[in-house]
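Going by the numbering used here, the sequence shown wraps up at 112, each residue one higher than the last.
Working notes, beginning with the structure itself.
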Amino acid sequence: MRQLNLDLGKKSYPIYIGQGLLSQPELLTEHIGGKQIMIVTNTTVAPLYLAQVKSLLGDYQISTVILPDGEQYKTLDTVNLIFSALLEARFDRSCTLVALGGG
Numbered sequence: 010m011r012q013l014n015l016d017l018g019k020k021s022y023p024i025y026i027g028q029g030l031l032s033q034p035e036l037l038t039e040h041i042g043g044k045q046i047m048i049v050t051n052t053t054v055a056p057l058y059l060a061q062v063k064s065l066l067g068d069y070q071i072s073t074v075i076l077p078d079g080e081q082y083k084t085l086d087t088v089n090l091i092f093s094a095l096l097e098a099r100f101d102r103s104c105t106l107v108a109l110g111g112g
């Protein structure tokens with residue numbers, strides 16, 4: 010496993026890269042604040058891993074945004090879709106966003 014640390018002061022967090030990470034749920038759960046989680050993923054990754062990740066997070070209020078796969082969808086319009094989903098789910102500032110992707 011590789012670990013990259015994103016240094017944002019008090020809001021710093023690690024990014025884990027490697028195989029078998031879903032068998033280590035503590036890598037994810039130790040970084041969750043609040044009870045609300047929005048999982049952002051895409052049409053390629055969701056069928057492979059979304060159900061498994063959701064099962065690791067059973068005690069949380071979970072919503073998902075499944076976006077089309079591809080570089081052409083990494084736009085501000087896509088960010089607006091994520092914001093809209095957060096508003097629709099009535100998530101607050103203490104929610105956690107989980108990016109479940111492949112690159």
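Note that CB positions come from ideal geometry on N, CA and C, so glycine has one too.
query: Own chain partners of residue 30 with C-beta closer than 8 Å, once the 5 adjacent residues on each side are dropped; result: 10, 36
query: Three-way DSSP call (helix, strand, coil) for residue 58 in this model; result: helix
query: Residue 14 - partner residues in DSSP beta bridges; result: 23
query: Limits of the unbroken alpha helix (DSSP H) element including residue 94; result: 85 to 97
query: Chain-order list of residues whose beta-carbon lies under 7 Å from that of residue 91 (same chain, five-residue window excluded); result: 49, 74
query: C-beta contact flag for residue 43 and residue 103 at 8 Å; result: yes
query: In DSSP terms, what residue 106 is bridged to; result: 47
query: Given residue 66 as reference, the closest of 15, 82, 105 once Cα atoms are compared; result: 105
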